[in-house]
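Here the working numbering = 1-based position in the sequence shown + 11. Cβ atoms here follow ideal geometry from the backbone N, Cα and C, with glycine treated the same way. These notes are about the structure you will find just below.
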Amino acid sequence: MSRIFWFLVVLLLFLVPLPGLTSQLNITSTLENSPQIKGSVIDALTKAPVEFAYVSLFRLNETKPIQVTATNSKGEYLFTDPGNGNYQIAVHFMGYTDFKTQPFAVKGIPTVLRQDVIRLEVESIALGAVVVRANNKSPVSQVDKKTIYADSQLSGTGGSASDLLHKIPSITQSPDGKISIHGNSNLLVFINGKPSSLKGNELLQSIPAAEVRKIELITSPSAKYDASGSGGIINLITKKSISDGINGNGMVSTDLLGGYSSDFLLNYKYRKLSFYSGIDRNKRRNEGNIDYATSYLTNLNWFSKTGLQKAERINTGFRAGFDYLPNSTDKISVSGNAGSFETCNVGDWKTMTISLGAVQSPSISNIATDTNNRDGNYGGADVSYEHKFKSPAKLFAFSALWNTVKFDDNYLNLIKDQTGVEQMKQTTLLGKENHNFQVNADYSMPAGKAGNLEFGYQLTVNNENETYDSKQSLLGNQVPNQGTQNNSFNGVIQAGYGTWQFRIGRLNFNAGLRAENLNRELQSSQNLYPLQRFDLYPTFSSSWKIDSTKQIFINYSRRTDQLRTIQLDPLPRWYDFYNVTLGNPNLQNEITDKIALDYLVNLQKLSIATELYFYNTTDKIEIIRSIYRDDIMQNRYENTGSEKTLGVEINTSWKAASWLKVNEKLDFIDSYLDIRLNQTSQKKSYSQWYSVTTADFTISPTTLLELDFSYYGPALTAQSNIDPVYLAGLSFRQTFLNNRLTFTLTGRDVLGIYRRTETISGTDFIQTLKTRNNFPIRFSLSYKFNHYKRDERRIAKSPVIE
C-alpha cells in the first residue's frame, strides 16, 4: 500500500503543474527579449562562491526591494525583466559585511547587464591599528548544509581530517575516535563531493588536515545525494588554486608518542588550466591502559585481563588533478589518488581466570599477547564534465569514478603461563579486495523567475572479495580448524532523482524524491544470499529569513544504511580467544526518517544557533552480545527493532572582548528503543549529554591561545552504561613572516584526566571495560607560499553589456 502511495507522489511531482512552473513556456519565450541582470558573489579572501546569499534589487532611493533572489551553488544570481529605471543591488549573508553596488541604469532594450563580481568581506574586529579577519568558528548555515572553514579549527593543526571535527556543531567525536552526527554513527565521508577508496573514519585518519580548506556538514542530505549513511554526510573540500600563478603549503609535525606527519601541496593555475598535486606521509600513534573483566553468571567463572594497548598507523598518499575550462560554458576535471597504509595494534596483558565452582585449580594466571597487522594499498580516479547552456541557469553535468582498496589482515593471539610455556595460540588471516564504480548524470533548468528543477541518474557498482582462515593450537597441538571461507559480495544500485527549488521573497524551498533499486548478493561458502528491493527517499528543506539577524531552517530526509559483508556473513569469525563475530544474512537495511528545525540569531557580539531534531529508525541494527560457549562471547548483528530519538543542540559564540571569544557546543540526545528479538521483547531508553567549551585568546595579531573543556555522558545504550568522561585541551599558534610561517602546539588532554568506564550487561554475563588513553601533545610547523601573477586589467566600474 505504501509503495503505491509513493508512486502516486512521483506522478504528482512530475504531472501536476508546480508554482513558478506553469508559466514556464510563456516566460521562456520572452526571456531572450527582456532585460536581465546577472552577477556573482564570492568570498573576498578565498574567492570561493557564496551560495544562498540573499540578493535584493532596489529602485534607486527606495527601501523596498522589487525582486529578491538567492545565489546558486556557483554564487550566481539573476534578475529578469526589471523594467526601465535606475537600480542598486544589495547583498546580505550571515558572517559577512553587507554589500551595496553603485547605482546603474536599465534601458528597455533586449540586453544582458553583467555586474562586476561582488566580493563579500568576512566581518572583522579591530586590534589597535591592525584589522584582523574574524576567526569565525561558527558554521555558515545554508538551506541544506553547514560549512566550516578548516583554518578556524586550531586544535586540528598538524593532524588528520579527523582532528578537525572535535568542535564542529552536530558532530560528536568520542575520545576513542568514533564519529557520529546527532548520535548516529552511520555516516558517509566524501572528498570534494565524491566517495573515496577508504571509508568513514579510516579516510578521515588518512587525509592530512593541512589539505582541507573547508568541511561541509550535510545532516539532512537532499535527494541528489546517495541515500546511504542514515546519519548524514561529511564532505571534505580540499585546497585548490584560485588565482593565476603558483601557491602551496608545506607542513611537518611530531608528537610526544613518536608519531609524525608531513604534507606538501602544490597548486598551479594559468588562465584556463589549474593543476594541483600533493604528497603526504604520516605515522599516528595511540596508546592506553585497559582493564577488562567479565563475570559469567551461568558457570560462575570470572575472567580479567589488564595491560597496555598500542596502535600505530603509517600512511603514504599521493594525489593530483587538473581543471580545464576550454571556454565560458564547459569545464573538464580529472583527478586521481594512490597510496599505501600499514596498521599495527599490540596488546600485552596479564590475565586471570577464577572458577568459583572448581574444586582444584580455582585460579589460573597467564601472560597474553594480541597482535594485528594490516598492510594495504588504495587508488582511485574520477573525471567530470560540466556544460552551461546559453539559456539561463541550464546546466548538464556528468561524472564517473573508480575506487579500489586491497589489504591483508594478520591476527596473532598467544597465551603463555607464568614460566613462559605456550598454552594456546591462534592465527587469523583476512584478505580483502574491494572495487567501486559510479556514474552520475545531472541536468538542471530554471522553473519560472525564481525556481529550479534538477533531474539525475546514478549507477553504483560494488564488488568485494574476501578470504578468511583461522587456526588454533592448544599446548602445541593443532586443534580442528576454526573456519576457512571465501566470500564475494556484489551490489548494484540504480537511482533516479528529481528536486524542485524555488524562492518567494525571504522563503527558500527545496523538495526532492529519490528512487533506488538495490540488487545485491552474498556468496558465502557455497551459499547464496540474494536481495532485491526498491525504496523511495523523499527530502524537504526550507529556510525563512526573518530579518538581517535571524533565520529559520526546517529539513526532512529519509536515509538508509547499506550493509557490509561482515554484517551478513553467517559463519563465525575469530579474532581472539574470547570473542567470535557472526553476521546475519537475513539482516534488513535500516531506514531512518529525520526532521530538524534550526533557529539562528546573529547579533553584534553574540550568535546563537539552536537545532531541535527527531528521527525514527526502523530495523535498527546493533551488535548483540551473548554467550557462545564456555567463556566465549558471541557478537552477532541483529535488527533489534525501532528507535526514536529526540535531541536538541545549542551552539553559541560570544565576543566577550576584542581579545576573547567564548564558544559553547551543547548536545542532548534522548532515545527510546522498542526491542524485538527472538529471545526478548522490551522497551528501553537512554540519554546522553555532550558539551565542548572553548575560549579563544588573541594575545596579539600573530599569537593565539585556545583552551577547551569537553564533557561526555553519562550514556546508556541497549546493553551498556558509560560513565562520564572529561577532557581538557590546549592549542597555541604563533605566526611569522607575514603569516606565512606558522608554529602550532596542540594537546587533546593536557591535564591527563581522561578515564572511561563502560559496563555491558546480558542475561548471563556482566562485562566491565576501563580505559585510560595517553593523548599525545603535537607540535607542527607549516609554511605557505604563493607566486601569483598580477592581473593588470582594470575592472570596469559600470555593467558590461553583452
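query: Excluding the five sequence neighbours on either side, which residues of its own chain have a C-beta within less than 6 Å of the C-beta of Leu-518, listed in chain order?
result: Taking the sequence shown and counting its residues from 1, the one referred to as residue 518 is at position 507. Counting only Cβ-Cβ distances below 6 Å, and skipping sequence neighbours, we find Trp-555.
- prompt: Exposed or buried, Ser-793, counting other C-beta atoms within 10 Å across all chains shown (16 or more means buried)?
  reply: The count along the sequence shown starts at 1 and reaches residue 793 at position 782. Around the beta carbon of Ser-793, 16 or more other beta carbons lie within 10 angstroms, which makes this residue buried.
message: On the CB-based measure, 16 or more other CB atoms within 10 Å of its CB, does Gly-31 come out buried or exposed?
response: Walking along the sequence shown from the start, residue 31 turns up at place 20. Legend: pLDDT at Gly-31 = 37, less than 50; position of this residue unreliable, no value from coordinates given.
message: Threshold first: 4 residues or longer. Then list the alpha helix (DSSP H) segments lying entirely within the segment 198-284, N to C.
response: Every unbroken stretch of the alpha helix (DSSP H) spanning 4 or more residues and falling wholly within the segment 198-284 is given here in chain order: 211-217.
- prompt: Roughly how many whole angstroms lie between the Cα atoms of Ala-667 and Ala-706?
  reply: Against the sequence shown, residue 667 aligns to sequence position 656. Against the sequence shown, residue 706 aligns to sequence position 695. Ala-667 and Ala-706: Cα-Cα distance of roughly 10 Å.
query: Thr-576 by DSSP, collapsed to three states: which one?
result: Taking the sequence shown and counting its residues from 1, one reaches residue 576 at position 565. Here Thr-576 sits in helix by DSSP.
task: Can you check DSSP and say which residues form a bridge with Ser-395?
output: As a working mapping, residue 395 is identified with position 384 in the sequence shown. Note: Ser-395 sits in a beta bridge opposite Ser-344, Ser-410.
Beta-carbon proximity check, His-177 vs Gly-658, cutoff 8 Å: In the sequence shown, counting from the first residue as 1, residue 177 sits at position 166. In the sequence shown, counting from the first residue as 1, residue 658 sits at position 647. No. Outside cutoff.
Same chain, Cβ closer than 6 Å to Thr-550, five either side skipped, listed in chain order: Along the sequence shown, read from residue 1 onward, the residue named residue 550 stands at position 539. Cβ neighbours of Thr-550 beyond the five flanking positions: Ser-233, Ala-234, Gly-523, Ser-568.
query: Since Lys-118 contacts Asn-83 with CB under 8 Å, what's their CB separation in whole angstroms?
result: Along the sequence shown, one-based indexing puts residue 118 at 107. Along the sequence shown, one-based indexing puts residue 83 at 72. At roughly 27 Å, the Cβ-Cβ gap does not stay under 8 Å, so Lys-118 and Asn-83 are not in contact.
task: Return the chain-ordered list of same chain residues with a C-beta closer than 6 Å to the C-beta of Ser-366, the five sequence neighbours on each side being excluded.
output: What you label residue 366 is simply residue 355 of the sequence shown in a count that begins at 1. So the list reads Asn-312, Pro-373, once near-sequence residues are dropped.
task: Return the Cβ separation of Gly-494 and Pro-583 in integer angstroms, given the expectation that the two are a contact with Cβ distance under 8 Å.
output: Sequence index remark: in the sequence shown, residue 494 carries index 483 (1-based). Sequence index remark: in the sequence shown, residue 583 carries index 572 (1-based). With 8 Å as the limit, Gly-494 and Pro-583 qualify as a contact, their Cβ atoms being about 6 Å apart.
message: By alpha-carbon positions, which one of Thr-317, Asn-451, Ile-202 ends up nearest to Thr-380?
response: To locate residue 380, count along the sequence shown from 1; it is residue 369. Cα-wise, what sits closest to Thr-380 is Thr-317.
- prompt: With 16 as the cutoff for other CB atoms within 10 Å, does Asn-310 come out buried or exposed?
  reply: Against the sequence shown, residue 310 aligns to sequence position 299. Looking at its Cβ environment, which holds fewer than 16 other Cβ atoms inside 10 Å, Asn-310 is exposed.
field: Pick from Ser-207, Ile-290, Ala-238 that is closest to Ser-272, judged by C-alpha positions
entry: As a position in the sequence shown, residue 272 is number 261, starting the count at 1. Comparing Cα-Cα distances from Ser-272 to each of Ser-207, Ile-290, Ala-238, the minimum goes to Ile-290.
- prompt: Would DSSP call Gly-167 helix, strand or coil?
  reply: Reading the sequence shown from its first residue, position 156 is the one you call residue 167. The answer is helix: DSSP assigns Gly-167 an H, G or I state.
Continuous beta strand (DSSP E) stretch holding Gly-652: start and end: Within the sequence shown, residue 652 is the residue found at index 641, counting from 1. From DSSP, the beta strand (DSSP E) with Gly-652 extends over 643-668.
task: Assuming Asn-445 contacts Thr-415 (C-beta within less than 8 Å), just tell me the rounded distance between them.
output: Position 434 of the sequence shown, counting from 1, holds the residue named residue 445. Position 404 of the sequence shown, counting from 1, holds the residue named residue 415. The C-beta separation of Asn-445 from Thr-415 comes to about 7 Å, placing the pair in contact by the 8 Å criterion.
- request: Starting from Gly-318, follow the beta strand (DSSP E) in both directions and report where the run begins and ends.
  value: Along the sequence shown, one-based indexing puts residue 318 at 307. Counting along the chain, the beta strand (DSSP E) containing Gly-318 begins and ends at 312-335.
query: How should Val-79 be labelled, buried or exposed, when 16 other C-beta atoms within 10 angstroms of its C-beta is the threshold for buried?
result: Position 68 of the sequence shown, counted from the start, is the residue given in the question as residue 79. Buried is the call here.
field: Outcome for Tyr-468 when other beta-carbon atoms lying within 10 angstroms are tallied against a minimum of 16
entry: Position 457 of the sequence shown, counted from the first residue, corresponds to residue 468. Per the 10 Å Cβ criterion, exposed.
- request: Enumerate, from N- to C-terminal direction, the unbroken beta strand (DSSP E) stretches of 3 or more residues contained entirely within the segment 38-103.
  value: Secondary structure remark: continuous beta strand (DSSP E) runs of at least 3 residues inside the segment 38-103, in chain order: 47-54, 65-70, 78-81, 87-91, 96-103.
- prompt: Distance, Cα to Cα, Asn-424 vs Asn-590?
  reply: Counting from 1 along the sequence shown, the entry for residue 424 is found at position 413. Counting from 1 along the sequence shown, the entry for residue 590 is found at position 579. Whole-angstrom Cα-Cα distance: 12 Å.
task: State buried or exposed for Pro-114, treating a residue as buried only when at least 16 other CB atoms are found within 10 Å of its CB.
output: Within the sequence shown, residue 114 is the residue found at index 103, counting from 1. In the assembly as shown, Pro-114 is an exposed residue. Its beta-carbon has fewer than 16 other beta-carbons within 10 Å.
field: Within the segment 422-493, ranges of the beta strand (DSSP E) (whole runs, at least 3 residues)
entry: Every unbroken stretch of the beta strand (DSSP E) spanning 3 or more residues and falling wholly within the segment 422-493 is given here in chain order: 433-457, 462-485.
Closest by C-alpha distance to Gly-86, when choosing among Tyr-65, Thr-74, Ser-552: Walking along the sequence shown from the start, residue 86 turns up at place 75. Minimum Cα distance to Gly-86 is reached at Tyr-65.
field: Simplified DSSP state of Leu-762, which is helix, strand or coil
entry: In the sequence shown, counting from the first residue as 1, residue 762 sits at position 751. In the structure shown, Leu-762 sits in coil (DSSP, three-state: anything other than H, G, I, E or B).
query: Leaving out five residues before and five after Ser-696 in sequence, what residues of the same chain have Cβ atoms less than 6 Å from its Cβ?
result: Translated into positions along the sequence shown, residue 696 becomes position 685. Hits under 6 Å: Tyr-683.
message: Going by the DSSP bridge assignment, what does Ser-351 pair with across the sheet?
response: Here residue 351 corresponds to residue number 340 of the sequence shown, with the count starting at 1. According to DSSP, which records beta bridges pairwise, Ser-351 is partnered with Thr-327, Asn-388.
- prompt: From the beta carbon of Ala-726, is the nearest beta carbon of chain B less than 8 Å away?
  reply: Chain labels in this structure do not include chain B; a single protein chain is all it has.
- prompt: Which of helix, strand or coil does DSSP assign to Leu-175?
  reply: Residue 175 sits at position 164 when you count from the first residue of the sequence shown. When DSSP states are grouped into helix, strand and coil, Leu-175 belongs to the helix group.
query: In its own chain, which residues sit with a C-beta less than 6 Å from the C-beta of Ile-301, not counting the 5 before and 5 after it?
result: As a working note, residue 301 is residue 290 in the sequence shown. So the list reads Gln-320, Thr-782, once near-sequence residues are dropped.
- prompt: How many angstroms separate the CA atom of Phe-796 from the CA atom of Ile-179?
  reply: The count along the sequence shown starts at 1 and reaches residue 796 at position 785. The count along the sequence shown starts at 1 and reaches residue 179 at position 168. Cα to Cα, the separation comes out at about 28 Å.
- prompt: Between Asp-587 and Phe-275, what straight-line distance do the alpha-carbon atoms span, to the nearest angstrom?
  reply: On the sequence shown, position 576 is the one that residue 587 refers to. On the sequence shown, position 264 is the one that residue 275 refers to. Taking C-alpha positions only, Asp-587 is separated from Phe-275 by approximately 40 Å.
- request: Measuring alpha carbon to alpha carbon, tell me which of Ile-257, Thr-603, Glu-622 ends up nearest Leu-611.
  value: Along the sequence shown, read from residue 1 onward, the residue named residue 611 stands at position 600. Closest option to Leu-611, Cα to Cα, is Glu-622.
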